[in-house]
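*Asks:* This note's numbering numbers the first residue of the sequence shown as 6 and each following residue consecutively. Virtual Cβ for every residue (Gly too), placed ideally from N, Cα, C.
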Amino acid sequence: MAMAKVAKETGTILIVPNAGAGAITGPMCAPNVFRSSFSMWQSGYAMGDVVAKKGYKKVVTITWKYAAGDESVGGFKEAFEKSGGKVTKELTLPFPNVEFQALLTEIAAAKPDAVYTFFAGGGAVKFVKDYAAAGLKKSIPLYGAGFLTDGTLDAQGADAADLMTTLHYADSLNTPRDNSFRLAYVKAYKLQPDVYAVQGYDAAQMLGVGLAAVKGDISKKAEFTAALEKAKIDSPRGPFTLSKSHNPVQDIYLRQVVGKENKLVNVASKALADPGRGCKL
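(1) Grouping DSSP H, G and I as helix and E and B as strand, with all else coil, what is LEU269?
(2) Is it true that the region 28-39 meets the region 236-253, where meeting means three or more beta-carbon pairs spaced less than 8 Å apart?
(3) With distances taken from CA atoms, which of ALA163, GLN255, GLU266 and THR157 is nearest VAL272?
(4) Start and end of the alpha helix (DSSP H) containing GLU14?
(5) Tell me which same chain residues have a C-beta within less than 7 Å of the C-beta of ASP5, skipping the five on either side of it?
(6) According to DSSP, simplified to helix, strand and coil, what is TYR231?
(7) Would the region 47-54 count as touching the region 75-93 if we require 3 or more Cβ pairs under 8 Å?
(8) Measuring only the C-alpha atoms, how far is MET6 from TYR206?
(9) Report the three-state DSSP secondary structure of ARG242 (helix, strand or coil).
(10) With DSSP collapsed to three states, give me the class of LYS91.
(11) Using three-state DSSP, classify MET169 as helix, strand or coil.
(12) Candidates PHE132, TRP46 and LEU259: which alpha carbon is nearest GLY27's?
(13) To which residues does DSSP link ALA150 through a beta bridge?
(14) ALA163: which of LEU277, SER177 and TYR136 sits nearest, CA to CA?
(15) Taking 8 Å as the threshold (C-beta atoms), are SER177 and LYS268 in contact?
(16) Give me, in chain order, the residues of the same chain whose beta-carbon lies closer than 7 Å to that of GLU95; leave out the 5 immediate sequence neighbours on both sides.
(17) Our contact map puts GLY89 next to TYR121 with C-beta atoms below 8 Å; I'd like the distance itself, whole angstroms only.
(18) Among residues of its own chain, excluding the 5 on either side of ASP167, which ones have a beta-carbon nearer than 7 Å to its beta-carbon?
(19) Taking the beta carbon of PRO198 as the centre, do at least 16 other beta carbons fall within 10 Å, making it buried, or is it exposed?
(20) With a Cβ-Cβ cutoff of 8 Å, do PHE124 and LEU153 count as a contact?
(21) Whose CA, out of PHE245, LYS220, GLY243 and GLY215, lies closest to the CA of LEU233?
(22) Name the one or two DSSP bridge partners that ILE112 has.
(23) Just the C-alpha distance for TYR258 and HIS173, rounded to the nearest angstrom, thanks.
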């Protein structure tokens with residue numbers, strides 16, 4: 006957020022390769038600021054649709070009390086309640102606290118039809134393991150934004166099996182574009198690419214589009230911006246364009262954990278655009 010603020014104030018071209026903060030393509034949006042990743046709202050909103058279509062009526066949400074968690078849950082709630090569901094409790098704990106036990110007890114007592122969560126990294130690992138250890142995995146289905154199971158499956162082990170999440174990438178898209186990217190990535194880095202690799206690659210692709218349009222003269226910011234605004238980025242995740250507020254308009258996938266992969270189930274939301282609320286571009 007601090008970097009986006011400085012970029013906006015100085016007119017410096019910035020391509021954000023990960024951070025999903027809504028404000029960057031919302032109230033803080035700027036002609037010179039672009040994002041190659043996602044907004045927190047997008048995966049949350051897509052999962053709200055998925056959970057509603059499964060017929061669930063009462064859901065409890067749980068996340069850290071900070072912007073990323075609030076925005077992910079907000080997107081979920083918007084879609085879920087628009088379709089007739091009700092978020093009956095919004096449970097939070099301070100970031101980066103991982104003492105989940107009291108909240109898991111509260112979930113068990115509430116007996117919702119399902120739980121929606123946003124956690125990432127070490128917190129995601131512990132939450133998934135604690136949820137299973139509390140016996141909740143067997144009785145209350147758990148759904149999450151994709152970062153729950155992206156980059157965390159090795160540590161989560163069997164406790165993550167069959168979990169369903171939504172994100173703008175999956176490990177098994179099996180398109181010619183993605184297959185060639187994955188093969189080249191493995192050859193170059195001896196690692197399987199993840200969502201972060203794709204976002205970084207696409208940030209470079211976006212930079213390439215802008216630089217080609219101005220023949221390398223970065224001082225031509227208006228032409229750089231215009232080229233990106235009308236570009237279609239040929240991403241391994243699938244082609245995407247940029248919204249008026251410069252966030253990717255992209256497919257959000259429903260994925261299921263199978264072994265060590267987030268396998269594609271289907272497209273949860275086609276060409277989903279973040280609403281960019283508060284953006285005055």
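*Replies:* Once the coordinates are examined:
(1) Locating residue 269 in the sequence shown gives position 264, counting from the first residue. In the structure shown, LEU269 falls within a strand segment according to DSSP collapsed to helix, strand and coil.
(2) yes
(3) By 1-based counting over the sequence shown, the position of residue 272 is 267. Here the closest residue by C-alpha is GLN255.
(4) Taking the sequence shown and counting its residues from 1, one reaches residue 14 at position 9. Counting along the chain, the alpha helix (DSSP H) containing GLU14 begins and ends at 7-15.
(5) In the structure as shown, the chain starts at 6 and stops at 286, and residue 5 therefore has no counterpart that could be examined.
(6) Numbered from 1 along the sequence shown, position 226 holds the residue referred to as residue 231. It should be pointed out that residue 231 corresponds to Ala in this sequence rather than to Tyr. The answer is helix: DSSP assigns ALA231 an H, G or I state.
(7) Under the three-pair Cβ rule at 8 Å, the region 47-54 counts as touching the region 75-93.
(8) Numbered from its first residue, the sequence shown carries residue 6 at position 1. Numbered from its first residue, the sequence shown carries residue 206 at position 201. Each residue's Cα considered, the two are about 21 Å apart.
(9) Here residue 242 is taken as the residue at index 237 of the sequence shown, counted from 1. Here ARG242 sits in coil by DSSP.
(10) If you number the sequence shown from 1, residue 91 lands on position 86. It is a strand residue.
(11) Along the sequence shown, read from residue 1 onward, the residue named residue 169 stands at position 164. Strand.
(12) Locating residue 27 in the sequence shown gives position 22, where the first residue counts as 1. Out of PHE132, TRP46 and LEU259, TRP46 has the C-alpha closest to the C-alpha of GLY27.
(13) Counting from one through the sequence shown, the residue named residue 150 turns up at place 145. According to DSSP, which records beta bridges pairwise, ALA150 is partnered with THR171.
(14) Taking the sequence shown and counting its residues from 1, the one referred to as residue 163 is at position 158. Of the candidates LEU277, SER177 and TYR136, the one whose C-alpha sits nearest the C-alpha of ALA163 is TYR136.
(15) Against the sequence shown, residue 268 aligns to sequence position 263. Against the sequence shown, residue 177 aligns to sequence position 172. In contact: LYS268 and SER177 (Cβ atoms closer than 8 Å).
(16) Numbered from 1 along the sequence shown, position 90 holds the residue referred to as residue 95. For GLU95, where only same-chain residues beyond five positions count, the Cβ hits under 7 Å are THR66 and VAL78.
(17) As a position in the sequence shown, residue 89 is number 84, starting the count at 1. As a position in the sequence shown, residue 121 is number 116, starting the count at 1. At roughly 16 Å, the Cβ-Cβ gap does not stay under 8 Å, so GLY89 and TYR121 are not in contact.
(18) Here residue 167 refers to the residue found at position 162 of the sequence shown. So the list reads GLN261 and VAL262, once near-sequence residues are dropped.
(19) As a first step, residue 198 is located in the sequence shown; it is residue number 193 there, counting from the start. By the neighbour-count rule (16 or more Cβ atoms within 10 Å), PRO198 is buried.
(20) Taking the first residue of the sequence shown as 1, we reach residue 124 at position 119. Taking the first residue of the sequence shown as 1, we reach residue 153 at position 148. Yes, Cβ-Cβ distance for PHE124 and LEU153 is below 8 Å.
(21) Against the sequence shown, residue 233 aligns to sequence position 228. Of the candidates PHE245, LYS220, GLY243 and GLY215, the one whose C-alpha sits nearest the C-alpha of LEU233 is GLY215.
(22) One-based indexing of the sequence shown puts residue 112 at position 107. The partner list for ILE112 (beta bridge, DSSP) is empty, contrary to what the question assumes.
(23) The sequence position of residue 258 within the sequence shown is 253, counting from 1. The sequence position of residue 173 within the sequence shown is 168, counting from 1. Taking the straight line joining both Cα atoms gives about 6 Å.
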